[in-house]
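Protein chains in written order, with the working numbering: chain A, 4 to 292; chain B, -19 to 166.
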């Protein structure tokens, strides 16, 4: 009945043994520990009727979750999981549903955690377009603010339901708080002086819609054209099957003053990962040398 | 220069905001992917030439690449007898990188420079990965080892499939499984 623990000399993660869900993340160097859960959910893409600006449909150009009965739709996990432990790494493999699975991996010498997700094809049998989100909810006191990067260079401070250059009237509670994330987004707990940074492996949209939370949009499948130029819905017209996408979010929990050095190095190592070449070995070892 | 030009032009074309944001029609998206893939293929020849130059071999070695490692598909490693793998590090600092290669089930050895024995972990691939539409691969496991790469340099490793009769010093990831409670499924 104990929690499942995945650990190396730098980080420790605990998972609920009944469901395989993530429960806590601890930085063993700084002794900082946060309660954290990660879940998948989706927003329903607005259909609208494109007769007026306010009734534009969600599509290739527009993300406009339909929040008429609550925005966030949780995708409950099936509760099946596997734990793999070996000399070079430990991982928990979560089976969320027939079209979402995830591997949370910690290599022996890593100071970050990999969340490797596989999503799709997104089912549309219910005729509902969906935008799939990976959301991290933590015990961190992050207030109203979070940060996203600008093309991987400097960080831009974001404040929920706020614009620094004009008084915003919020009509889209989710879309108004989504920003481009090309490399990273992070939240800070100034009391604990800790920072949770998530590195993406591609450009995505992200937000922090509640205290202690960060989320990233990992996949979309929308059934209506948004009449802004593509003239087709974001639904792989012609392939008819929907896409399976795979990707990785890399999480770093560290002190605020240590975070930048760590995520910059990791971002470069991820973006400029080694190029792998193979060649048949047909002669003796000396040729290998 | 002409080999690099193809990718350079493909990236040039992909500066269009449609390519960056995905606001193009599906067939256009497919064409962007086609151009980039062909450009990458041309550049891989340049990388191979570079490694041949750096390694000062008397006659150029033919190298192969696997572009679908993201879905654990690689025609070289999944039909492995033995192969040499070269890892090129373009960062100007030493990098420790966990190399993950799709293989069939079995035991493997990895030998580094100076015939050093490198620890290996063999792990079954997640079931969901095996069923991805379009994945054509016999690999059911993943071979992981940690490579240490010099700044702006490369390292070479020899990977060999070894017979099971050898002593069990090649590490296997232990899979502990928990399945959903039936009521939960309901």
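Ideal placement from N, C-alpha and C gives every residue a C-beta, glycine not left out.
- CA-CA distance, residue 7 of chain B to residue 113 of chain B, rounds to 19 Å.
- Per the Cβ contact rule, the stretch 58 to 69 of chain A is in contact with the stretch 215 to 235 of chain A (3 or more Cβ pairs under 8 Å).
- Remark: fewer than three beta-carbon pairs, one from each stretch, lie closer than 8 Å, so the stretch 120 to 130 of chain A and the stretch 166 to 182 of chain A are not flagged as touching.
- In terms of Cα proximity to residue 148 of chain A, the closest of A/155, A/199, A/132 is A/199.
- In this structure, the beta-carbon distance from residue 122 of chain B to residue 110 of chain B does not fall below 9 Å.
- Against chain B, the CB of residue 276 of chain A has a partner CB under 9 Å away; the residue lies at that interface.
- For residue 116 of chain A, not one C-beta of chain B is nearer than 9 Å to its own C-beta.
- Judged by their CB atoms, residue 197 of chain A and residue 42 of chain A are not nearer to each other than the 9 Å cut-off.
- The C-alpha of residue 63 of chain B lies about 10 Å from the C-alpha of residue 90 of chain B.
- Residue-level contact by beta carbon holds for residue 64 of chain B and chain A, with a gap shorter than 9 Å.
- Think of a sphere of 7 Å around the beta carbon of residue 89 of chain B: no beta carbon from chain A falls inside it, the nearest being about 13 Å out.
- From the listed residues A/218, A/102, A/158, the smallest Cα separation to residue 177 of chain A is found for A/218.
- In this structure, the alpha-carbon of residue 25 of chain B lies about 17 Å from that of residue -10 of chain B.
- Counting every other CB atom within 10 Å of its CB across the protein chains shown gives residue 186 of chain A a total of 16 or more, marking it as buried.
- Under a criterion of Cβ atoms nearer than 8 Å, no residue of chain A is adjacent to residue 14 of chain B; the nearest Cβ is some 14 Å distant.
- Using a Cβ-Cβ distance cut-off of 8 Å, the stretch 125 to 133 of chain A and the stretch 42 to 53 of chain A are in contact, since at least three pairs of beta carbons, one from each stretch, lie closer than that value.
- For residue 71 of chain B, no beta strand (DSSP E) run applies, since DSSP gives it neither H nor E.
- For residue 27 of chain A, the closest alpha carbon among the candidates A/264, A/139, A/284 is that of A/139.
- Interface with chain A (9 Å Cβ-Cβ cutoff): residue 96 of chain B is excluded.
- Taken through DSSP and simplified to helix, strand or coil, residue 211 of chain A comes out as coil.
- The three-state reading of DSSP puts residue 48 of chain A in strand, counting E and B together.
- The beta carbons of residue 71 of chain B and residue 150 of chain A sit no closer together than 9 Å.
- For residue 149 of chain A, no chain B residue has a C-beta closer than 8 Å to its own C-beta; the minimum C-beta separation is roughly 22 Å.
- Rounded to whole angstroms, the Cβ separation of residue 155 of chain A and residue 270 of chain A is 7 Å, and the two are in contact under 8 Å.
- For residue 121 of chain A, the nearest CB of chain B lies under 9 Å from its own CB, placing it at the interface with that chain.
- Per DSSP, the unbroken alpha helix (DSSP H) holding residue 107 of chain B starts and ends at 107 to 110.
- Residue 34 of chain B counts as exposed, since fewer than 16 other C-beta atoms from the protein chains shown sit within 10 angstroms of its C-beta.
- Ranked by Cα distance from residue 19 of chain B, the first of B/-15, B/82, B/45 is B/-15.
- At least 9 Å separates the beta-carbon of residue 220 of chain A from that of residue 127 of chain A.
- Annotated as proximal: residue 14 of chain A and residue 116 of chain A, with beta-carbon spacing under 9 Å.
- Counting only residues of its own chain and dropping the five nearest sequence neighbours on each side, residue 159 of chain A has a CB closer than 6 Å to the CB of 151, 153.
- The CB of residue 64 of chain A comes closer than 9 Å to the CB of 1, 3 in chain B, given here in chain order.
- Sixteen is the threshold: when 16 or more other Cβ atoms of the shown chains lie within 10 Å of the Cβ of residue 280 of chain A, as they do, the residue is buried.
- Note that the stretch 46 to 66 of chain B touches the stretch 80 to 99 of chain B; at least 3 beta-carbon pairs, one per stretch, sit closer than 8 Å.
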